[in-house]
Amino acid sequence: MAENPKPVLRFAPSPTGMLHIGGARTALFNWLYARHAGGTFLLRIEDTDRTRSTPEAVEAILNGMTWMGLDWDGDVTYQFARAARHREVAEKMLAEGKAYRCYATAEELTAAREEQKAAGKPMRYDGRWRDRIPGPAEEGKPSVVRLKARQTGETIVHDVVLGDVRFENAQLDDMVLLRSDGTPTYMLAVVVDDADMGVTHVIRGADHLNNAARQLQLIEAMGAAVPVYGHLPLINGPDGAKLSKRHGALAVEAYRDMGYLPETMRNYLLRLGWSHGDDEIIPTAQAIEWFNFDSIGKSAARMDYKKLDNLNGHYIRETADATLVAEVTAFLAREKRTLSMTARQRLESAMPSLKERAKTLVELIGGAEFLFNDGPRTLDAEAEKLLTPEGRGALAAVLPALEATGWASAELEAAARAFAEGTGVKLGQVAQPLRAALTGKASSPPLFEMLALLGREESLVRLRAYAA
Ligand code: GLU
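Just so we're aligned: the sequence shown equals residues 19 to 486 in my numbering.
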């Protein structure tokens with residue numbers, strides 16, 4: 019397929035809930051292709067369903083996109099605001115004879131469907147008003163506008179993921195474009211918006227494949243340009259069943275709150291349905307360079323949380339210390355916590371070691387809590403076990419040696435070693451109680467570096483609190 023020199027892609031979520039993981043992947047693929055091809059990536063909020071769309075969901079989607087780093091070009095388009103335009107197109111089609119008014123009442127249609135059902139036939143609109151001219155009896159009666167769709171032949175969706183998918187036109191009935199209250203249907207709105215926005219590629223979830231056939235009929239009737247279609251297979255849970263709440267987090271926000279980095283999510287979601295040989299680690303810049311439609315998988319992808327964790331550990335290690343400090347600060351700010359200047363400085367100094375041992379920002383923050391404020395620590399259960407009367411005794415015994423030395427990490431280590439050797443105990447027997455008192459935990463970044471980082475005064479306050 020010849021690549022359009024300036025493709026226009028879009029992500030068109032319905033704001034009825036969070037930005038979920040499937041939607042985020044759809045957005046990512048569109049974004050990657052637009053960036054890859056030097057095209058445009060548009061965002062359209064499909065808020066035509068007024069009963070289900072909420073401002074909170076719009077905000078969640080915009081926040082989710084922003085957090086994921088998927089920047090869109092130009093202003094957000096709100097579909098509902100374009101209803102007059104959708105109506106105008108339907109009315110033009112009506113005037114051109116490409117659409118018609120149907121006066122069938124709900125009762126009539128239900129009865130027709132019941133008959134079809136009883137006869138074992140597929141339930142479809144039977145075209146009863148297709149060739150009928152409304153008479154005086156219809157004057158002032160409610161009507162819908164339907165597309166006069168082709169009834170023979172087939173509609174083929176040329177799909178870059180699934181190949182050619184054929185639909186018998188006889189199977190597709192004349193869909194409603196305008197409801198009796200004059201409001202446009204979703205199907206009409208999507209097609210008109212895509213055409214008006216110059217969308218060249220429609221890449222979306224496979225659940226929209228059937229819609230594509232109907233939309234093609236409408237596009238044809240409108241005389242609009244046919245976009246390239248790509249329908250992405252579903253995402254399943256780790257057990258292969260359709261991804262659901264039961265499998266854990268569905269919303270992108272939840273991944274943010276569990277401490278995954280946006281770069282991790284982009285890489286992970288890319289691999290969820292797209293491949294480049296055996297490559298697992300594909301940073302975004304590389305992804306933009308490589309992304310194509312040919313390598314999108316045809317079958318459903320499976321969530322793999324272990325892979326996600328490993329990838330996140332990788333990106334945490336790869337991220338610059340100062341950037342991680344900013345990530346941690348932003349994370350804590352969402353929990354209404356702020357870090358003092360001192361805390362931020364300590365965090366950055368300890369970061370090379372902290373980031374080696376964390377798979378998520380939550381883990382990283384947990385390991386860094388002892389840097390955030392001053393004073394004696396509250397011990398966790400593991401630290402409690404180290405500060406037995408014996409441990410506290412060891413702490414008291416080693417303190418004078420530390421008090422007498424300089425406070426650089428090498429000096430502190432030498433003093434502790436000399437003390438251990440002199441009293442015939444292992445270094446660990448001294449170091450573990452020290453660590454517990456200093457950090458409140460049984461594991462931490464290298465002890466002597468942390469003593470040096472916290473400084474003589476603050477360290478001694480913490481150690482003395484548990485020395486006995
Ligand atoms: N608004 C639709 C949805 O949220 C997407 C429509 C489209 O991409 O054509 O699933």
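We treat Cβ as the ideally placed atom computed from N, Cα and C, and that holds for glycine.
Open item on the list: Measuring only the C-alpha atoms, how far is T58 from D91?
Closed with: Counting from 1 along the sequence shown, the entry for residue 58 is found at position 40. Counting from 1 along the sequence shown, the entry for residue 91 is found at position 73. Rounded to whole angstroms, the gap between the alpha carbons of T58 and D91 is 6 Å.
Task: R355 to P23 span [Cα, whole Å] - done: Start at 1 with the first residue of the sequence shown, and residue 355 comes out as number 337. Start at 1 with the first residue of the sequence shown, and residue 23 comes out as number 5. R355 and P23 have their C-alpha atoms some 47 Å from each other.
- [ ] Classify V217 as helix, strand or coil using the three-state DSSP reduction.
- [x] Residue 217 sits at position 199 when you count from the first residue of the sequence shown. Reduced to three states, the DSSP call for V217 is coil.
Task: Three-way DSSP call (helix, strand, coil) for E353 in this model - done: The sequence position of residue 353 within the sequence shown is 335, counting from 1. Here E353 carries a coil assignment [DSSP, helix/strand/coil].
TODO: Confirm the yes/no value for this check: CB of E64, any heavy atom of the ligand GLU, distance under 7 Å.
DONE: Against the sequence shown, residue 64 aligns to sequence position 46. Yes, since a heavy atom of the ligand GLU falls inside the 7 Å radius drawn around the Cβ of E64.
- [ ] Tell me the start and end of each unbroken alpha helix (DSSP H) in the stretch 315-399 that is at least 4 residues and wholly inside, in chain order.
- [x] Runs of alpha helix (DSSP H) with 4 or more residues, each lying fully within the stretch 315-399, are found at 323-336, 339-352, 359-372 and 379-386, listed in chain order.
Open item on the list: Give me the DSSP bridge partner(s) of E172.
Closed with: Working through the sequence shown from its first residue, we reach residue 172 at position 154. DSSP, once it has assigned bridges, lists E186 as partnering E172.
TODO: Report the three-state DSSP secondary structure of M19 (helix, strand or coil).
DONE: As a position in the sequence shown, residue 19 is number 1, starting the count at 1. Note that M19 scores 48 on pLDDT, short of 50, meaning its location in the model is unreliable; the coordinates nonetheless yield the value given after this. Coil at M19, not helix or strand.
Task: Nearest-angstrom Cβ-Cβ length linking V441 and A433, presumed shorter than 8 Å - done: On the sequence shown, residue 441 is found 423 positions in, with the first residue counted as 1. On the sequence shown, residue 433 is found 415 positions in, with the first residue counted as 1. Checking the sequence, you will find Thr at residue 441 rather than Val. The pair is not a contact, with the Cβ atoms about 13 Å apart (cut-off 8 Å).
TODO: Starting from the C-beta of R289, find all residues in its chain whose C-beta is less than 6 Å away, skip the five residues before and the five after it, and write them out in chain order.
DONE: On the sequence shown, position 271 is the one that residue 289 refers to. For R289, same chain residues with a beta-carbon under 6 Å away, outside a window of 5 residues either side, do not exist.
- [ ] Go ahead and pull the three-state DSSP assignment for Y96.
- [x] Translated into positions along the sequence shown, residue 96 becomes position 78. If DSSP states are grouped into helix, strand and coil, Y96 belongs with the strands.
- [ ] Give a yes or no on whether the C-beta atoms belonging to A486 and R410 are separated by under 8 Å.
- [x] Taking the first residue of the sequence shown as 1, we reach residue 486 at position 468. Taking the first residue of the sequence shown as 1, we reach residue 410 at position 392. Cβ distance < 8 Å, so A486 and R410 count as in contact.
TODO: Closer than 6 Å by C-beta to A483: which residues in its own chain qualify, once you throw out the five before and the five after it? Chain order, please.
DONE: Position 465 of the sequence shown, counted from the start, is the residue given in the question as residue 483. Result list for A483: P394, in chain order.
TODO: Pull up the distance between the alpha-carbon of A344 and that of Q304, whole angstroms please.
DONE: In the sequence shown, counting from the first residue as 1, residue 344 sits at position 326. In the sequence shown, counting from the first residue as 1, residue 304 sits at position 286. So the two alpha carbons sit approximately 24 Å from each other.
Task: Three-state class that DSSP yields for P202 in the structure shown - done: As a working note, residue 202 is residue 184 in the sequence shown. DSSP places P202 in strand when its eight states are reduced to three.
Open item on the list: Rounded to whole angstroms, what is the Cα-Cα separation between Q134 and N48?
Closed with: The residue given as residue 134 occupies position 116 in the sequence shown. The residue given as residue 48 occupies position 30 in the sequence shown. Cα-Cα distance, rounded: 41 Å.
Open item on the list: Could you tell me the alpha carbon to alpha carbon distance between S71 and G223, rounded to whole angstroms?
Closed with: On the sequence shown, residue 71 is found 53 positions in, with the first residue counted as 1. On the sequence shown, residue 223 is found 205 positions in, with the first residue counted as 1. Distance between the alpha carbons of S71 and G223 is about 19 Å.
- [ ] Would you mind stating whether L445 and R435 have Cβ atoms separated by less than 8 Å?
- [x] Sequence index remark: in the sequence shown, residue 445 carries index 427 (1-based). Sequence index remark: in the sequence shown, residue 435 carries index 417 (1-based). Yes, Cβ-Cβ distance for L445 and R435 is below 8 Å.
TODO: Please confirm whether any heavy atom of the ligand GLU lies closer than 7 Å to the CB of A386.
DONE: The sequence position of residue 386 within the sequence shown is 368, counting from 1. No - the ligand GLU has no heavy atom lying nearer than 7 Å to the Cβ of A386.
Task: A486 in three-state terms, based on DSSP - done: On the sequence shown, position 468 is the one that residue 486 refers to. Coil at A486, not helix or strand.
Open item on the list: Taking the alpha helix (DSSP H) that L195 belongs to, which residues open and close that run?
Closed with: What you label residue 195 is simply residue 177 of the sequence shown in a count that begins at 1. L195 -> not in any alpha helix (DSSP H); beta strand (DSSP E) instead, spanning V194 to L196.
Task: Residue span of the alpha helix (DSSP H) that contains R119, given as start and end - done: For the purposes of this step, residue 119 is taken as residue 101 along the sequence shown, with counting starting at 1. Counting along the chain, R119 falls outside any alpha helix (DSSP H), though it belongs to the beta strand (DSSP E) covering A117 to C120.
Task: Straight-line gap, G473 to W425 (C-alpha atoms, nearest Å) - done: As a first step, residue 473 is located in the sequence shown; it is residue number 455 there, counting from the start. As a first step, residue 425 is located in the sequence shown; it is residue number 407 there, counting from the start. One alpha carbon belongs to G473, the other to W425, and they sit about 7 Å apart.
Task: Given L37 as reference, the closest of H54, Q233 and W85 once Cα atoms are compared - done: Walking along the sequence shown from the start, residue 37 turns up at place 19. Out of H54, Q233 and W85, W85 has the C-alpha closest to the C-alpha of L37.
Open item on the list: So, for A338: in the same chain, excluding its five sequence neighbours on each side, which residues have a beta-carbon less than 6 Å away from its beta-carbon?
Closed with: One-based indexing of the sequence shown puts residue 338 at position 320. Counting only Cβ-Cβ distances below 6 Å, and skipping sequence neighbours, we find nothing.
- [ ] Could you tell me whether the stretch 232-246 touches the stretch 256-263, where touching means 3 or more Cβ pairs closer than 8 Å?
- [x] No, they do not touch.
TODO: Decide if A386 is buried, meaning its Cβ has at least 16 other Cβ atoms within 10 Å, or exposed.
DONE: For the purposes of this step, residue 386 is taken as the residue at position 368 of the sequence shown. Of the other Cβ atoms in all chains shown, 16 or more fall within 10 Å of the Cβ of A386; this residue is therefore buried.
TODO: Please check the pair I314 and G331, which I expect to be a contact at CB under 8 Å, by giving their CB distance rounded to whole angstroms.
DONE: In the sequence shown, the residue the question calls residue 314 occupies position 296. In the sequence shown, the residue the question calls residue 331 occupies position 313. Actually they are not in contact, since the Cβ atoms of I314 and G331 sit about 27 Å apart, beyond 8 Å.
- [ ] Note down the Cα distance separating L469 from L342, rounded to an integer number of angstroms.
- [x] Mapped onto the sequence shown, residue 469 falls at position 451. Mapped onto the sequence shown, residue 342 falls at position 324. So the two alpha carbons sit approximately 22 Å from each other.
Task: Stretch pair the stretch 191-200 + the stretch 159-167: three plus CB contacts closer than 8 Å - done: Three or more beta-carbon pairs drawn from the stretch 191-200 and the stretch 159-167 are found closer than 8 Å, and the two stretches are therefore classed as touching.
TODO: Under 6 Å Cβ to Cβ from A230, same chain only, skipping five residues before and after it: list those, please.
DONE: Working through the sequence shown from its first residue, we reach residue 230 at position 212. So the list reads V175 and Y247, once near-sequence residues are dropped.
- [ ] Pull up the CB-CB distance for A75 and P33, whole angstroms please, since I reckon it's below 8 Å.
- [x] Counting from 1 along the sequence shown, the entry for residue 75 is found at position 57. Counting from 1 along the sequence shown, the entry for residue 33 is found at position 15. Indeed, because the Cβ distance is near 4 Å, the residues count as touching under 8 Å.
Open item on the list: Excluding the 5 residues flanking V179 on each side, which residues of the same chain have their C-beta closer than 7 Å to its C-beta?
Closed with: Counting from one through the sequence shown, the residue named residue 179 turns up at place 161. Excluding sequence neighbours, V179 sits near G248, H249, L250, F311, I314 and K316.
TODO: Could you please give the first and the last residue of the uninterrupted beta strand (DSSP E) stretch that includes G248?
DONE: Here residue 248 refers to the residue found at position 230 when the sequence shown is read from its first residue. First-last of the beta strand (DSSP E) with G248: V246 to L250.
- [ ] Kindly examine the ligand GLU and report whether one of its heavy atoms sits closer than 7 Å to the Cβ of H104.
- [x] As a position in the sequence shown, residue 104 is number 86, starting the count at 1. Incorrect: H104 has no Cβ contact closer than 7 Å to the ligand GLU.
Task: Cα-Cα separation, F466 to A42 - done: Counted from its first residue, the sequence shown places residue 466 at position 448. Counted from its first residue, the sequence shown places residue 42 at position 24. C-alpha of F466 to C-alpha of A42: approximately 44 Å in a straight line.
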